[in-house]
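Numbering (the working numbering), first residue to last: 318 to 550.
C-beta: ideal position from N, C-alpha, C; glycine also.
Contents: one structure, followed by commentary.
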Ligand code: HEM
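Next comes the structure, spelled out in structure tokens:
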């Protein structure tokens, strides 16, 4: 069991399982965010915010944080290991690198940018909501936080750039993780690559739509955004 933390295949497996877990979380997060756009009376979005301030979240958040910590810790360990190995066989690996995608060669840098923006995101939202709940302070109003954050054009642009970086990380990461967990026969790998691009594009577009909608709402450009039917409200 301890060998999973030491062998390189074990480390890679932890990387892929934590990565898939984070993708699952991102999917839930995006669907919940979309209710902000498709629910004009904010009934569903308000209910979700209420559910997210209940006790069970105190269990889920540490699990999510642990998934993130495992992913980042093994990213550092694997990257250092790969650099060392590359030092020994520079010629062979540089040939391979030419055939790899840009994302696959820059996973660590992409991950670092994701991490920096995540810290900003947590200070914008989580620190003003759930953390306040834990500290016994006054929780911020989620609608106000959306308007305050996305009301500033430069912050909206930064968020959009962040989504683009996550998109790059995941266009390689998603299929690579499925390959690591064993779904790697020739036919399925080709399919997974197509499914990955489609899935990750929809995922990140979902986040982008919410950011742009909130920007328009906060700045009074609502006439410019379509009047979505209240399919959820
Ligand atoms: C939104 C959050 C993130 C998600 C959903 C995510 C997802 C993934 C997935 C699915 C993989 C593929 C694993 C495999 O090939 O088996 C991966 C690989 C990787 N991730 Fe992330 N990741 C995230 C954030 C980060 C962060 C913050 C870092 C580091 C600072 C990072 C660094 C890496 C690296 C270096 C790899 C390649 C590891 C290797 O194959 O050697 N990721 N990520």
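The three-state secondary structure of residue 455, taken from DSSP, is coil.
For residue 397, the closest alpha carbon among the candidates 524, 424, 465 is that of 424. At a threshold of 7 Å, residue 376 does not count as near ligand 1, since its beta carbon sits no closer than that to any of the ligand's heavy atoms.
By the criterion of at least three beta-carbon pairs nearer than 8 Å, the stretch 516 to 534 is in contact with the stretch 461 to 478. Here residue 517 is near residue 484, since their CB atoms are less than 8 Å apart.
Nearest C-alpha to residue 418 among 389, 449, 488, 447: 488. Residue range 503 to 535 is occupied by the alpha helix (DSSP H) that includes residue 527. Taking 8 Å as the cut-off, the Cβ atoms of residue 387 and residue 337 do not count as close. Relative to the Cα of residue 438, the nearest Cα in the group 362, 478, 426 belongs to 478.
Taking 8 Å as the cut-off, the Cβ atoms of residue 394 and residue 445 do not count as close. Per the coordinates, the alpha-carbon of residue 440 lies some 43 Å from the alpha-carbon of residue 503. Taking a 10 Å sphere around the C-beta of residue 428, we find 16 or more other C-beta atoms and assign the residue as buried. Ranked by Cα distance from residue 468, the options 430, 537, 340, 384 are led by 537. Around the beta carbon of residue 402, fewer than 16 other beta carbons sit within 10 angstroms, so the residue counts as exposed. As the crow flies, the alpha-carbon of residue 323 is around 44 Å from that of residue 364. By the criterion of a C-beta distance shorter than 7 Å, residue 521 is surrounded in its chain by 480, 483, 484, once the five residues flanking it on both sides are discounted. Per the coordinates, the alpha-carbon of residue 535 lies some 11 Å from the alpha-carbon of residue 473.
In this structure, the CA atom of residue 383 is about 13 Å from the CA atom of residue 342.
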